[in-house]
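A.B. asks: Here you go, one structure.
Chains as they are written, first to last, in the working numbering: chain A, 1 to 191; chain B, 1 to 278.
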């Protein structure tokens, strides 16, 4: 149990995907302008991370390791994740249009997002079990959503702040990202 | 090696078949989704978001409820394609005037900026712009060496003999946007075909440079046009300090054009309509 908590907190806060591992930086700057968009993106990432972790664990343990072709993990994971997300999207579109509209364009967009691919490679590298992989994916996804929400809150305030012209938009967002990274650096070494 | 290839091929094939099966098996529980999907299949499918919706499917959802939206010309990709427009007309039960909805290129410069020095280098705008940002007092002025004239497939652009500024003929322009990418001064923009008053100054990013010093025809932010409009069709953009025009509210009274002390404003496209209005 302690092990699971350590994995969850480790990926959610201490080794956060965005501010510590620098994965998924494109949505961090691209989709963090509005709180609503950030929330949708976060939800989609949590969902895809969970599904991808479970699917790639199965692929890893029943195909890659028995045949001794672990070096093919990246291409295999990309293939599997992309196909799975396509199916999930089809399913959600036909059964629950409200949920589909909430996730919007983000679901197909993050099929091969580096954070999603990152969690599967971390799971394989650390040799996690199926349960540990799912917990890691949940933690990673929640941590990602947390940062996106914090960032979107700050950026909504920044829009109305009197920023020097050269710093308007992305430059000041990069600085804020740096400060956010430093803040989360303080959690280092807890687990 | 062989094992690797076989495994990858087998998994790829398997997943392909699986997606096909899922597509066939999953029942449709949402009402009216067939119609939306039919509309979505006719849209370009690039999910560019230019229509203001997050993707083509979201736009199709909006279209299923309000087919008139298509006639506003929001989807710039679809209206470039005649066959796609005809198919959409059938699916939505409306008529589309594709040519009328297309955007038109507009050169945002009125000339009249003084020439500061003789230029005898490479005879293209790109070459001239590399050296001291051109040879006119205003660093954003049209150089008139005709890079856009060469690139236009319709022959819609010509250099005005008087002040040496490129002018687009709205009747010939199809709104393809090739000239927009070609202009090194970023002077050419795409405006809706229904635009009535054109703002002929590339003043957007130049808030700190007073128009008078650099150019006889530049915007000097006097707001005369804004005050002259009786119909509220002109809004003053405080951020960029330029007027913005509302096509819907404009009645073509032309008071703003008359009011402009520097002749930065000019009529656009519908010259005949304007003559009749006078």
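C-beta atoms are modelled at their ideal positions from N, C-alpha and C, and glycine is treated no differently.
(1) Quick one: is residue 83(B) buried, meaning 16 or more other Cβ sit within 10 Å of its Cβ, or exposed?
(2) For residue 38(B), is the classification buried or exposed, using 16 other Cβ atoms within 10 angstroms of its Cβ as the cut-off for buried?
(3) Which residues, taken in chain order from the region 75-104 of chain A, show a beta carbon closer than 9 Å to some beta carbon of chain B?
(4) CA-CA distance, residue 90(A) and residue 99(A)?
(5) Should residue 108(B) go down as buried or exposed, given a rule of 16 or more other Cβ atoms within 10 Å for buried?
(6) Does any residue of chain B bring its CB to less than 7 Å from the CB of residue 184(A)?
(7) Starting from the Cα of residue 176(A), find the closest Cα among 139(A), 64(A) and 33(A) and give me that residue.
(8) So, with DSSP's three-state summary, where would you put residue 267(B)?
(9) When the Cα of residue 70(A) is compared with those of 38(A), 22(A) and 125(A), which residue comes out closest?
(10) Who does residue 245(B) pair with in a DSSP beta bridge?
(11) Check whether chain A comes within 7 Å of residue 122(B), counting only Cβ atoms and requiring the distance to be less than that.
(12) Count the other CB atoms, across all protein chains shown, that sit within 10 Å of the CB of residue 278(B); report buried if there are 16 or more and exposed otherwise.
(13) Identify whether residue 278(B) lies in helix, strand or coil by the three-state DSSP scheme.
(14) In chain order, what residues of the same chain have a beta carbon less than 6 Å from the beta carbon of residue 174(A), not counting five sequence neighbours either side?
(15) Can the beta-carbon of residue 196(B) be found closer than 7 Å to that of residue 252(B)?
(16) Of all Cβ atoms in chain B, is any one closer than 7 Å to the Cβ of residue 48(A)?
(17) Starting from residue 41(A), find everything on chain B with Cβ-Cβ shorter than 8 Å and list it in chain order.
(18) What residues are listed by DSSP as bridge partners for residue 167(B)?
(19) Would residue 103(A) be called buried (16 or more neighbouring beta carbons within 10 Å of its own) or exposed?
(20) In terms of residues, what are the limits of the alpha helix (DSSP H) holding residue 92(A)?
(21) For residue 163(B), which of 188(B), 136(B), 257(B) and 173(B) has the nearest alpha-carbon?
(22) Per DSSP, which residues does residue 66(B) bridge with? Please list them.
(23) When you compare the CB of residue 28(B) with every CB in chain A, is at least one pair closer than 7 Å?
(24) Give the secondary structure of residue 22(A) by DSSP, where H, G and I count as helix, E and B as strand, and everything else as coil.
(25) Grab me the residues of residue 64(B)'s own chain with a C-beta within less than 8 Å of its C-beta, minus the 5 sequence neighbours each way, in chain order.
(26) Which class does residue 125(A) belong to by DSSP, given the choice of helix, strand or coil?
(27) Between the region 79-107 of chain B and chain A, which residues of the former have a C-beta closer than 7 Å to a C-beta of the latter?
C.D. replies: Reading it off the structure:
(1) The residue given as residue 83(B) occupies position 83 in the second chain. Residue 83(B) is exposed by the Cβ-count criterion.
(2) Translated into positions along the second chain, residue 38(B) becomes position 38. Label assigned to residue 38(B): exposed.
(3) 75, 76, 79, 80, 82, 83, 84, 86, 87, 90, 91, 93, 94, 95, 96, 97, 100, 101 and 104
(4) By one-based count along the first chain, residue 90(A) stands at place 90. By one-based count along the first chain, residue 99(A) stands at place 99. Going by the C-alpha atoms only, they are around 12 Å apart.
(5) The count along the second chain starts at 1 and reaches residue 108(B) at position 108. Residue 108(B) should be labelled buried.
(6) Locating residue 184(A) in the first chain gives position 184, where the first residue counts as 1. Not closer than 7 Å to any Cβ of chain B, the Cβ of residue 184(A) fails to qualify, so no.
(7) Here residue 176(A) is taken as the residue at index 176 of the first chain, counted from 1. It is 33(A).
(8) In the second chain, the residue the question calls residue 267(B) occupies position 267. Correct three-state label for residue 267(B): strand.
(9) For the purposes of this step, residue 70(A) is taken as the residue at position 70 of the first chain. Taking only the C-alpha atoms, the option nearest residue 70(A) is 125(A).
(10) Within the second chain, numbered from 1, the residue matching residue 245(B) stands at position 245. 234(B), per the DSSP bridge assignment.
(11) Working through the second chain from its first residue, we reach residue 122(B) at position 122. Judged by the 7 Å Cβ criterion, residue 122(B) is not in contact with chain A.
(12) On the second chain, residue 278(B) is found 278 positions in, with the first residue counted as 1. With a pLDDT of 47 at residue 278(B), under the threshold of 50, the modelled position of this residue cannot be trusted; read the value that follows with caution. Exposed, since its Cβ has fewer than 16 Cβ neighbours within 10 Å.
(13) Looking up residue 278(B) in the second chain gives position 278. Because residue 278(B) sits at a pLDDT of 47, beneath the cut-off of 50, its placement in the model cannot be relied upon, and the following sentence gives the value as read from the coordinates. Coil, per DSSP.
(14) Reading the first chain from its first residue, position 174 is the one you call residue 174(A). Result list for residue 174(A): empty, nothing under 6 Å.
(15) Counted from its first residue, the second chain places residue 196(B) at position 196. Counted from its first residue, the second chain places residue 252(B) at position 252. Yes, the Cβ-Cβ distance between residue 196(B) and residue 252(B) is below 7 Å.
(16) By 1-based counting over the first chain, the position of residue 48(A) is 48. So no, residue 48(A) is outside the interface.
(17) To locate residue 41(A), count along the first chain from 1; it is residue 41. The premise fails here: residue 41(A) is roughly 11 Å from chain B at the closest Cβ pair, so nothing lies under 8 Å.
(18) Within the second chain, numbered from 1, the residue matching residue 167(B) stands at position 167. Residue 167(B) pairs with 158(B).
(19) In the first chain, counting from the first residue as 1, residue 103(A) sits at position 103. By the 10 Å Cβ count, residue 103(A) comes out buried.
(20) Here residue 92(A) corresponds to residue number 92 of the first chain, with the count starting at 1. Note, residue 92(A): alpha helix (DSSP H), 73-95.
(21) For the purposes of this step, residue 163(B) is identified with residue 163 of the second chain, where counting begins at 1. Nearest option by C-alpha distance: 136(B).
(22) Stepping through the second chain from its first residue, residue 66(B) is reached at position 66. For residue 66(B), which the question treats as bridged, DSSP gives no partner whatsoever.
(23) Translated into positions along the second chain, residue 28(B) becomes position 28. Judged by the 7 Å Cβ criterion, residue 28(B) is in contact with chain A.
(24) Mapped onto the first chain, residue 22(A) falls at position 22. Looking at residue 22(A) - three-state DSSP - the assignment turns out to be coil, as it is neither helix nor strand.
(25) Here residue 64(B) refers to the residue found at position 64 when the second chain is read from its first residue. Excluding sequence neighbours, residue 64(B) sits near 32, 35, 36 and 39.
(26) Locating residue 125(A) in the first chain gives position 125, counting from the first residue. Of the three classes helix, strand and coil, the one that applies to residue 125(A) here is helix, per DSSP.
(27) none
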